[in-house]
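J.: In the working numbering, the protein residues as written are 1 to 232.
The beta-carbon is built from N, C-alpha and C at its ideal position, and this holds for glycine as well.
Take this structure first; my questions come after.
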Ligand SMILES: Cc1cc2nc3c(=O)[nH]c(=O)nc-3n(C[C@H](O)[C@H](O)[C@H](O)COP(=O)(O)OP(=O)(O)OC[C@H]3O[C@@H](n4cnc5c(N)ncnc54)[C@H](O)[C@@H]3O)c2cc1C
């Protein structure tokens, strides 16, 4: 059984000079000067000036300028249900703990959804069910069934871990989709932690790492949470 309720997330890699890099990309599009000079110029050390240009360029949809920034996260304690949703994002790169190479030796870790956890009777039966699955999994592997086949009985709730990398454009897209309350709570909490990790160091990104309604100004979902007015 998993001890932590939600994902553990750590930002493990990001460029040192993130703002300066994005600024250089933006400025290169509109300047007769070379990117080499722009990168070393005084303006590439003036935070206010850089942010003014970057905001203008991003809001005009010129997104190639933010694709130069790649960030990586170490993620653990998420369910396979959650990781399956994350890997649908095609501009991300993943290295995920293998259920072929890593054989479970005892009760596998799993994540209990909050709605089940909040119901003591169902929570108890959920734990019993996980324990039964574990018993059968161990029976299979002890009978010589390879882990790659025994894993067929492991549930969506089984815990997994991964390193996930993506560029800033994709992170903004991920946040816009997965911070929306229409996204399942587990992935919403995961993506929030990823965004929080980055904005701790790059506060200027707070305006972009938001649910999509904050960016477009209205809600385009069928079932709205009411945060923004629904598009008519
Ligand atoms: C609330 C919610 C509910 C969902 N429910 C379901 C569901 O019931 N069933 C289901 O199957 N999925 C579901 N999904 C997953 C969803 O359909 C997408 O697969 C997932 O959100 C990845 O989004 P994306 O394709 O926009 O982004 P990414 O794969 O991250 O790509 C980013 C952007 O790149 C562009 N792009 C990428 N690949 C292509 C391509 N091949 N062609 C053209 N443009 C491309 C698009 O503009 C895309 O928006 C759900 C997602 C959410 C947020």
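Comparing the CB of residue 177 with every heavy atom of ligand 1, is any distance shorter than 7 Å?
T.: As a first step, residue 177 must be located in the chain shown, where it is residue number 177. Yes - ligand 1 has a heavy atom lying nearer than 7 Å to the Cβ of residue 177.
J.: Give me, in chain order, the residues of the same chain whose beta-carbon lies closer than 8 Å to that of residue 197; leave out the 5 immediate sequence neighbours on both sides.
T.: As a working mapping, residue 197 is identified with position 197 in the chain shown. Closer than 8 Å at the Cβ level, and outside the excluded window around residue 197, lie 9, 10, 11, 73.
J.: Starting from residue 50, trace the alpha helix (DSSP H) both ways and give me its first and last residue.
T.: Here residue 50 corresponds to residue number 50 of the chain shown, with the count starting at 1. Where residue 50 is concerned, the enclosing alpha helix (DSSP H) stretches over 47-59.
J.: Rounded to whole angstroms, how far is the Cβ of residue 189 from the Cβ of residue 23, which I believe are closer than 8 Å?
T.: Taking the chain shown and counting its residues from 1, one reaches residue 189 at position 189. Taking the chain shown and counting its residues from 1, one reaches residue 23 at position 23. Contact doesn't hold; Cβ gap of about 32 Å is too wide.
J.: Indicate the three-state DSSP secondary structure (helix, strand or coil) for residue 137 in the structure shown.
T.: Residue numbering aside, residue 137 sits at position 137 when the chain shown is read from its first letter. Helix at residue 137.
J.: Name the DSSP beta bridge partners of residue 164, please?
T.: Here residue 164 refers to the residue found at position 164 of the chain shown. Beta bridge pairing from DSSP links residue 164 with 73, 94.
J.: Could you tell me whether the Cβ atoms of residue 75 and residue 158 are closer together than 8 Å?
T.: One-based indexing of the chain shown puts residue 75 at position 75. One-based indexing of the chain shown puts residue 158 at position 158. No, the pair does not count as a contact, with Cβ atoms beyond the cut-off.
J.: So the beta strand (DSSP E) residue 11 belongs to, where does it begin and stop?
T.: Locating residue 11 in the chain shown gives position 11, where the first residue counts as 1. Note, residue 11: beta strand (DSSP E), 8-13.
J.: Just list the residues that DSSP pairs residue 159 with in beta bridges.
T.: Residue numbering aside, residue 159 sits at position 159 when the chain shown is read from its first letter. Paired residues: 79.
J.: What residue range does the alpha helix (DSSP H) around residue 213 cover?
T.: Walking along the chain shown from the start, residue 213 turns up at place 213. In the DSSP assignment, residue 213 falls within the unbroken alpha helix (DSSP H) covering 212-216.
J.: What is the DSSP secondary structure of residue 230, reduced to helix, strand or coil?
T.: As a first step, residue 230 is located in the chain shown; it is residue number 230 there, counting from the start. Residue 230 falls in the strand class under three-state DSSP.
J.: Would you list the residues sitting across from residue 219 in a DSSP beta bridge?
T.: Sequence index remark: in the chain shown, residue 219 carries index 219 (1-based). In DSSP, residue 219 forms a bridge with 230.
J.: With burial defined as no fewer than 16 other Cβ atoms inside 10 Å of the residue's Cβ, what is the status of residue 20: buried or exposed?
T.: As a first step, residue 20 must be located in the chain shown, where it is residue number 20. With 16 or more other Cβ atoms within 10 Å, it is buried.
J.: By the three-class DSSP mapping on this structure, what secondary structure does residue 110 have?
T.: Locating residue 110 in the chain shown gives position 110, where the first residue counts as 1. Note: residue 110 maps to strand in three-state DSSP.
J.: For the structure I just gave you, are there three or more beta carbon pairs, one from the region 143-153 and one from the region 90-106, closer than 8 Å?
T.: yes
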